[in-house]
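Trainee: Take 4 as the starting number for the sequence shown in my numbering and just add one per residue. Cβ atoms here follow ideal geometry from the backbone N, Cα and C, with glycine treated the same way. Keep in mind the model is a prediction, meaning the values are calculated, not measured. Pasting in a structure now, in structure tokens, and then I'll have a few things to ask.
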Amino acid sequence: MSYRKYLLVAALLCAAPLGAQVVVDNSDSAFSITFGSAWTTGTSASGKYGSDYLHKGGVGATGSPTALAEWRPNLTADTYDVQVWYPSGSNRANDTPFTVFHANGDNTIRVNQQANGGGWVTLGTFDFNAGTAGYVQIGNDAQSGQVVVADAVRWVTPTTTPPAADEFRGVWCSRYEWPSTSPSTWKANLDTIMTNAANGNFNSVVLQMRGDTTTLYPSPNEPLSSLITLGAGDDPLAYAINAAHTRGLKLHCYFNTHVCTSAFAGSHQSWIIADSTGTPISSTVDGYYWLAPGHPDVQKYLRDQVMHIVNTYPALDGIHFDRIRMPEAGYSYDATSNARRAGPGNPGSLGFDNWTADQITRWLRDVYAEVHSVNPGLQISAAPLGLYHWTSYSGYPTGYYYGLPRQQDAKAWLAEGAMDWIAPQVYWPDGGGNPDFSDIVPDWQASASGRHIYPGMSATSDANANETISEITATRSFGCAGTMVWSYGSANSLNFWSTLKAPGAPYEQPASPPDLPWLSSPTTAIVHGTIKDQTGVPITDAWVTRSGSSYTALSAADGFWCWLKLSPGNHTFTVDVTGLGTAVINVNGLTAGEVREVNITVAPAGVATRFEVQQPAPTSVRSGEAFSITVNVVDAAGNPVITGAHDMSVVVFGTGTLTGPVGGTTSGGSLTFNWTYDGTDTVSFAFISPTNALTHALHDISFTSKASGGGEDDSGGCAVKPGLTPWWALAALALPLWLRRRRLA
């Protein structure tokens, strides 16, 4: 069945060596007008193919075309790059639709004909059957008041060249380089940006979508930036993701963190940074209003904005943070941060600078855990200042603009597993006086802690591509896995799309972004969840420790807590809350790549808080054999609570049939279930409170084939198909105790 998939993209310039090709010009017999009135012939524009071209006025992209034309060659069966040629001009449509009809259906690609004229522009690579069934069609359902141009189309078989080694080749694109108050303009800008990046053999675009507490995408939480206007149904981030992916690029959302607008600062005075006297800084510092990183409400607010993006755009490749620091040393002495630093928010008794930097690191740990509980493959990155600390470089003075004195400890982010890669802003030439590119990059690479370093290179003051080429070459010699260019505007003015891929240049051949093995083949696990009191109120600054570790995690304003880089196996966590009590949680059977949710209730001793599977419990059972599981009622510290009766239901996640009871009421603090199961899979048993009065428990059992000649035991009770779970039980698991999710494998 034919399908039409509208891809709002501009064209990709072709610069590959040619294989076999078929060209159809507008004057050839294989070209025809198939619908509507005649088109106007043009001859005056430069950059045309052959002696002339045709054009037709656009009727708007949302309407139906009133004119259609097509190029229909006689092809041999093969895979072809399909390319168009046209003379560009200011009166051309920025969204001319070319529809490619191929062996697998049809795709519509919208091309900005105001740019990239006078050369072959690639629409994509498609399979074609032998004969004349495959063709390209152009319509005039494009920008009203402009013209669409029909000139020539080429089908060329791609020439295979040896691929380059995997390498991150990224370009930053700021919020001042693409938005517009005209929706058609910002769409055309995004198409052109992605076209140029792909044409230049870049493989990643880091596109700024949030510069402060306003956004360049629709958000239910923050107002739209004045830099952009949206039409009905418009979503620039979704548009950018599609435009990037259509061209084989990765798209990372560039997100400024600890800065806000003046309006936001005015309505959140307690959230903004304060000087050493505790006075809020209600004016810009380093060009921005700044948010206090040690304020729990700031931390939760920023994490919520990140999670909105993660939950809304599952196809996004990464989130990239900037302004994730303080503007200068000595911030912030706001009242909330001061109280936390002097109290339970400072388990390590850190001094002002270390504590403030640690607050940003802890925020990143929480973000990393929550993001990967939803999208295990999403990359988290940042652009720290290029200079870490003067002690890292021989002979460097204290007066340079270093990150660590501004509470930006990017080396800690990497070491703690809260960051997949960083692009330090090493915006100085390679060679000459200090700071020197080749002095700085090796220290970052040595501090990668197994993650990736993609040094940031600035082209803003360069006269040509020579400095960037020198820095890419140096970066490769230091063992870095890629680079970033600041910024798109400079790269475009210097035509990096051609110069960096010229013969002998570093991007001569395309390259894929490097694999991140801790995401693709993880060896560790993540645990995260919430910590609340017995009434369900989140607890801030609960201390969480783990057996065998000296680190103390803290719970956030919404009770969120996490632990990264856990080895597979069993772990015991202890939660201490001053004045309330202690909770002890055993997290058993963690597997590599798992992201498990563990919610914890802290209450006084003797108060029932959760169900807990009694150990030892079976982990491997033969299909059809009888087995039993006992579930106890315990308090926060894991001690039995034998008084009271608690209803319990069982939700079973498996493919076979469970025979036996699926609910009951505890007596003397426990309830035992006797079952058989006829499947041969790994089954998760969730023991839940129908009213959510107690926290759930979970246990996994692997069921194997019965021994030859064995019979099935009849335990009595009912036979339950695991998929047929009561609606109320599923509702109780809407926010389950343990949410198990694997990172990409």
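By the 10 Å Cβ neighbour count, where 16 or more other Cβ atoms means buried, how is Val601 classified, buried or exposed?
Mentor: Counting from one through the sequence shown, the residue named residue 601 turns up at place 598. Classification for Val601: buried.
Trainee: For Phe258, count neighbouring C-beta atoms within 10 Å of its own C-beta (all shown protein chains included) and say buried if the count is 16 or more, exposed if not.
Mentor: One-based indexing of the sequence shown puts residue 258 at position 255. When all chains shown are included, Phe258 counts as buried.
Trainee: Are the beta-carbon atoms of Phe104 and Gln146 separated by less than 8 angstroms?
Mentor: By one-based count along the sequence shown, residue 104 stands at place 101. By one-based count along the sequence shown, residue 146 stands at place 143. Cβ atoms of Phe104 and Gln146: not closer than 8 angstroms.
Trainee: Scan the stretch 97-177 and note each continuous beta strand (DSSP E) run of 3 residues or more that stays entirely inside, going in chain order.
Mentor: Qualifying beta strand (DSSP E) stretches, in chain order: 99-105, 108-114, 124-131, 138-142, 150-153, 155-161 and 171-176.
Trainee: Tell me the residue span of the beta strand (DSSP E) that contains Tyr257.
Mentor: Here residue 257 refers to the residue found at position 254 of the sequence shown. Unbroken beta strand (DSSP E) run through Tyr257: Lys253 to Asn259.
Trainee: Would you check if the distance between the CB atom of Pro226 and the CB atom of Trp189 is smaller than 8 angstroms?
Mentor: To locate residue 226, count along the sequence shown from 1; it is residue 223. To locate residue 189, count along the sequence shown from 1; it is residue 186. Not closer than 8 angstroms, so no.
Trainee: Could you pull out every residue in the same chain whose Cβ sits closer than 6 angstroms to the Cβ of Gly719, ignoring the five residues on either side in sequence?
Mentor: Residue mapping note: residue 719 aligns to position 716 of the sequence shown, counting from 1. Summary for Gly719: the model assigns pLDDT 38, below 50, so the residue's position carries little reliability, and this model does not support an answer.
Trainee: With burial defined as no fewer than 16 other Cβ atoms inside 10 Å of the residue's Cβ, what is the status of Asp536: buried or exposed?
Mentor: Residue numbering aside, residue 536 sits at position 533 when the sequence shown is read from its first letter. When all chains shown are included, Asp536 counts as buried.
Trainee: Contact check, Tyr138 vs Tyr89 under 8 angstroms by CB: the rounded distance?
Mentor: By 1-based counting over the sequence shown, the position of residue 138 is 135. By 1-based counting over the sequence shown, the position of residue 89 is 86. About 17 angstroms; that fails the 8 angstroms criterion.
Trainee: Here's a check: name, in chain order, each residue in its chain whose Cβ is nearer than 6 angstroms to the Cβ of Pro68, leaving out the five neighbours to either side.
Mentor: Within the sequence shown, residue 68 is the residue found at index 65, counting from 1. Same-chain partners within the cutoff: Gly142, Asn143 and Asp144.
Trainee: Helix, strand or coil for Pro513? Go by DSSP, reduced to three states.
Mentor: Residue 513 sits at position 510 when you count from the first residue of the sequence shown. The answer is coil: DSSP assigns Pro513 none of H, G, I, E or B.
Trainee: Quick one: Cα of Ala462 to Cα of Thr476, how far?
Mentor: Here residue 462 refers to the residue found at position 459 when the sequence shown is read from its first residue. Here residue 476 refers to the residue found at position 473 when the sequence shown is read from its first residue. Taking the straight line joining both Cα atoms gives about 15 angstroms.
Trainee: Give every residue of the same chain whose Cβ lies closer than 6 angstroms to the Cβ of Tyr403, excluding the five residues on either side of it in the sequence, and list them in chain order.
Mentor: Here the question's residue 403 lines up with position 400 in the sequence shown. So the qualifying residues of the chain are Leu390.
Trainee: For the alpha helix (DSSP H) containing Phe267, list its first residue and its last residue.
Mentor: Position 264 of the sequence shown holds residue 267. Unbroken alpha helix (DSSP H) run through Phe267: Ser265 to Ser270.
Trainee: Output the distance between the C-alpha atoms of Ala514 and Phe205, rounded to the nearest integer angstrom.
Mentor: By 1-based counting over the sequence shown, the position of residue 514 is 511. By 1-based counting over the sequence shown, the position of residue 205 is 202. One C-alpha to the other measures close to 8 angstroms.
Trainee: Once the 5 residues before and after Ser673 are set aside, which same chain residues still bring their CB inside 6 angstroms of it?
Mentor: Position 670 of the sequence shown, counted from the first residue, corresponds to residue 673. If we look at Ser673 and ignore the five residues flanking it on each side, its Cβ neighbours are Thr633 and Asn635.
Trainee: Taking Thr478 as the reference, which of Asn498, Ala494 and Ala449 has the closest Cα?
Mentor: For this step, residue 478 is matched to residue 475 along the sequence shown. Selected option, being the one with the closest Cα: Ala449.
Trainee: On a CA-only basis, which of Asp412, Ala451 and Tyr396 is nearest Pro438? Give me that one, please.
Mentor: Numbered from its first residue, the sequence shown carries residue 438 at position 435. Of Asp412, Ala451 and Tyr396, the residue nearest in Cα terms is Tyr396.
Trainee: Please check if any C-beta of chain C sits within less than 8 angstroms of the C-beta of Asn107.
Mentor: Reference to chain C is not applicable here, since this structure consists of a single protein chain.
Trainee: Drop a sphere of 10 angstroms on the beta-carbon of Asp307, count the other beta-carbons inside from all chains shown, and report buried for 16 or more, exposed for fewer.
Mentor: Translated into the one-based positions of the sequence shown, residue 307 becomes position 304. Label assigned to Asp307: exposed.
Trainee: What whole-angstrom Cβ distance do Val444 and Val377 have, given they're in contact under 8 angstroms?
Mentor: Here residue 444 is taken as the residue at index 441 of the sequence shown, counted from 1. Here residue 377 is taken as the residue at index 374 of the sequence shown, counted from 1. In fact, because the Cβ distance is near 33 angstroms, the residues do not count as touching under 8 angstroms.
Trainee: Measuring CA to CA, which of Trp521, Gln512, Val488 and Met329 is closest to Leu381?
Mentor: Residue numbering aside, residue 381 sits at position 378 when the sequence shown is read from its first letter. The shortest C-alpha separation from Leu381 is found at Trp521.
Trainee: With a threshold of 7 angstroms on Cβ separation, who are the neighbours of Thr594 within its own chain once the five nearest residues in sequence on each side are excluded?
Mentor: Mapped onto the sequence shown, residue 594 falls at position 591. Contacts found: Ala528 and Pro571.
Trainee: Can you give the Cα-Cα distance for Asn498 and Asp465, rounded to whole angstroms?
Mentor: Translated into the one-based positions of the sequence shown, residue 498 becomes position 495. Translated into the one-based positions of the sequence shown, residue 465 becomes position 462. If I take the Cα positions, the gap works out to 12 angstroms.
Trainee: Does the contact criterion of 3 or more C-beta pairs under 8 angstroms hold for the stretch 289-300 versus the stretch 339-358?
Mentor: A contact exists between the stretch 289-300 and the stretch 339-358.
Trainee: In the DSSP output, what is Pro541 paired with across the bridge?
Mentor: As a working mapping, residue 541 is identified with position 538 in the sequence shown. DSSP, once it has assigned bridges, lists Lys535 as partnering Pro541.
Trainee: By the 10 Å Cβ neighbour count, where 16 or more other Cβ atoms means buried, how is Gly216 classified, buried or exposed?
Mentor: Reading the sequence shown from its first residue, position 213 is the one you call residue 216. Note on identity: in this sequence residue 216 is Thr, with Gly being the wrong assignment. Looking at its Cβ environment, which holds 16 or more other Cβ atoms inside 10 Å, Thr216 is buried.
Trainee: Could you tell me the alpha carbon to alpha carbon distance between Phe563 and Arg344, rounded to whole angstroms?
Mentor: By 1-based counting over the sequence shown, the position of residue 563 is 560. By 1-based counting over the sequence shown, the position of residue 344 is 341. About 19 angstroms.
Trainee: Using C-beta distances below 6 angstroms, list every residue in its chain close to Cys263, excluding the 5 sequence neighbours before and after it, in chain order.
Mentor: Residue mapping note: residue 263 aligns to position 260 of the sequence shown, counting from 1. These residues qualify, in order along the chain: Asp215, Thr216, Tyr292 and Leu294.
Trainee: Could you tell me which of Asp31, Asn97 and Val87 sits nearest to Gly60, measuring between CA atoms?
Mentor: Along the sequence shown, one-based indexing puts residue 60 at 57. It is Asn97.
Trainee: If we ignore side chains and look at the alpha-carbon of each, how far apart do Thr577 and Leu417 end up?
Mentor: Indexing the sequence shown from 1 puts residue 577 at position 574. Indexing the sequence shown from 1 puts residue 417 at position 414. About 26 angstroms.
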